[in-house]
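For reference, the structure discussed in these notes is given below.
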Amino acid sequence: MNAGILGLGRYLPEKIVTNADLEKVMDTSDEWIRTRTGIEQRRIANDDIDTSDMAYEAATAALKNADVSAEEIDLILVATVTPDRPFPSMACVIQERLGAKKAAAMDVSAACAGFMYAMITAQQFIQTGVYKNVLIVGVEKLSKITNWDDRNTAVLFGDGAGAAVVGPVSEGRGILSFELGADGSGGKHLLQDGEYITMNGREVFKFAVRQMGESSLNVLDKAGLKKEDVDLLVPHQANIRIMEASRERLGLPVEKMAKTVHKYGNTSAASIPIALVEEMEAGKIKEDDLIVMVGFGGGLTWGAIALRWGK
Ligand code: UT7
632 MNAGILGLGR YLPEKIVTNA DLEKVMDTSD EWIRTRTGIE QRRIANDDID
682 TSDMAYEAAT AALKNADVSA EEIDLILVAT VTPDRPFPSM ACVIQERLGA
732 KKAAAMDVSA ACAGFMYAMI TAQQFIQTGV YKNVLIVGVE KLSKITNWDD
782 RNTAVLFGDG AGAAVVGPVS EGRGILSFEL GADGSGGKHL LQDGEYITMN
832 GREVFKFAVR QMGESSLNVL DKAGLKKEDV DLLVPHQANI RIMEASRERL
882 GLPVEKMAKT VHKYGNTSAA SIPIALVEEM EAGKIKEDDL IVMVGFGGGL
932 TWGAIALRWG K
């Protein structure tokens with residue numbers, strides 16, 4: 632049984648924080664942030680909206696888009712590194728709020744690559760026929776672990792959620808190939824140390840440029856496809872320079888790469904599903920389009936998926 636995307640949803644907090652707003656509270660500039668990262672603004676959740684609230688909103692939208700009811704969900708996977716609290720899991724919290732009574736539920740911790748890990752975990756259960764509908768959510772409230780006195784990291788991140796219902800699709804469609812990987816020796820370059828995120832930006836940058844390109848090519852190779860076959864690249868939205876390097880490695884024109892980093896910054900596990908929903912809503916995805924999704928993150932972790940769109 633092939634596993635594919637049956638529906639997508641997203642949630643973004645209303646509050647917009649622009650680069651000009653950050654200039655007022657730290658030693659940075661709109662020019663630096665835009666040229667080094669491509670970010671112009673980000674969404675920041677108010678205190679009364681926590682990670683599970685954003686996950687719930689995105690999940691509700693995805694179920695509606697998929698035309699699948701909460702009772703039909705067999706498994707919920709929430710990819711996040713910023714849960715409301717260590718347990719109960721975010722998956723259990725939204726299971727109750729959605730009324731997904733028969734669903735098993737757990738969280739996935741793979742930082743910015745979390746949505747890729749969750750999607751492939753879902754695929755395994757669907758392929759084997761064990762489960763039919765799996766709800767996956769990538770959600771992050773990074774603002775609560777951001778050190779607003781550290782300009783090296785504070786300008787990069789944003790809050791948000793993206794969700795997908797993954798289920799059986801017809802032959803030739805859905806997930807065609809994937810690659811997941813990890814290198815714990817690089818964990819020191821990007822981590823939560825005490826209360827806050829700390830990062831060696833240059834090391835993460837080098838790793839990301841290399842890995843995003845390689846993983847994208849690897850999934851095409853595994854699926855027996857060529858760079859020219861790709862209709863849409865959906866890279867993790869961390870930094871426009873990293874994204875552009877992946878696009879160039881695949882030899883794709885600008886219009887074939889999903890881009891939300893300028894509006895939302897880096898929303899970690901939420902960035903790939905949010906970017907994918909926006910492409911879908913803009914009518915830019917057609918039946919049988921070949922989509923390559925690729926992400927990297929703290930761990931270090933990475934993941935890529937080649938997917939043929941449609942049910
Ligand atoms: O989901 C994964 C999350 N992480 C990432 O994706 C991070 C990957 N890395 C990056 O995106 C880039 O390395 C950064 C955007 C973080 C930094 O860009 P860079 O071109 O690697 O800059 P840099 O670290 O080499 O810093 C250049 C200068 C430094 O000043 P000096 O030492 O050369 O005088 C920094 O102190 O820029 C300074 N700087 C800033 N200046 C103004 C660092 N942050 C800022 C800032 N505003 N916000």
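Residue numbers for the sequence shown follow the working numbering, so the first one is 632 and each next one is one higher. For glycine and all other residues, C-beta sits at the position ideal for the given N, C-alpha and C.
| request: Report the three-state DSSP secondary structure of residue 783 (helix, strand or coil). | output: helix
| request: Please name the residue or residues paired with residue 735 in a DSSP beta bridge. | output: 706
| task | Only counting runs of 3 or more residues, tell me where the beta strand (DSSP E) segments fall wholly within the stretch 775-845, in order along the chain. | result | 790-800, 805-813, 821-824, 827-830
| query | For ligand 1, is there a heavy atom less than 7 Å away from the beta-carbon of residue 743? | reply | yes
| message | Is residue 766 near ligand 1 - that is, is its Cβ less than 7 Å away from at least one heavy atom of it? | response | no
| query | Using a threshold of 7 Å, is the CB atom of residue 822 nearer than that to any non-hydrogen atom of ligand 1? | reply | no
| message | Please list the terminal residues of the continuous alpha helix (DSSP H) segment that includes residue 695. | response | 682-697
| task | Compare the C-beta of residue 663 with all C-beta atoms of chain C and state if any pair is closer than 8 Å. | result | This model lacks chain C altogether, as it is built from one protein chain only.
| request: Using the Cα positions of residue 880 and residue 861, report the straight-line distance between them to the nearest angstrom. | output: 12 Å
| field | Buried versus exposed call for residue 718 [16 or more other C-beta atoms within 10 Å across all chains shown] | value | exposed
| residue 642 and residue 689 closer than 8 Å at C-beta | yes
| task | Please check the pair residue 934 and residue 822, which I expect to be a contact at CB under 8 Å, by giving their CB distance rounded to whole angstroms. | result | The Cβ separation is near 19 Å, so there is no contact.
| task | Kindly list the residues whose CB is nearer than 7 Å to the CB of residue 665, restricted to its own chain and excluding five residues on each side of it in sequence; keep chain order. | result | 650, 671
| request: Determine the DSSP secondary structure at residue 897, reduced to helix, strand or coil. | output: strand
| field | the stretch 894-912 contacting the stretch 784-791, beta-carbon criterion three pairs below 8 Å | value | yes
| field | Straight-line gap, residue 734 to residue 726 (C-alpha atoms, nearest Å) | value | 7 Å
| request: Go through its chain and collect everything with a Cβ distance to residue 842's Cβ below 7 Å, but skip five positions before and after it. | output: 927, 933
| said: Determine whether the beta carbon atoms of residue 677 and residue 644 lie at a separation below 8 Å. | reply: yes
| Nearest-angstrom beta carbon gap, residue 923 and residue 850 [assumed within contact, 8 Å] | 6 Å
| task | Tell whether a beta-carbon distance below 8 Å holds between residue 691 and residue 770. | result | no
| task | Give me whichever residues DSSP pairs with residue 772 in a beta bridge. | result | 790
| task | Determine the closest residue to residue 764 out of 682, 800, 855, 804, with distance taken between C-alpha atoms. | result | 800
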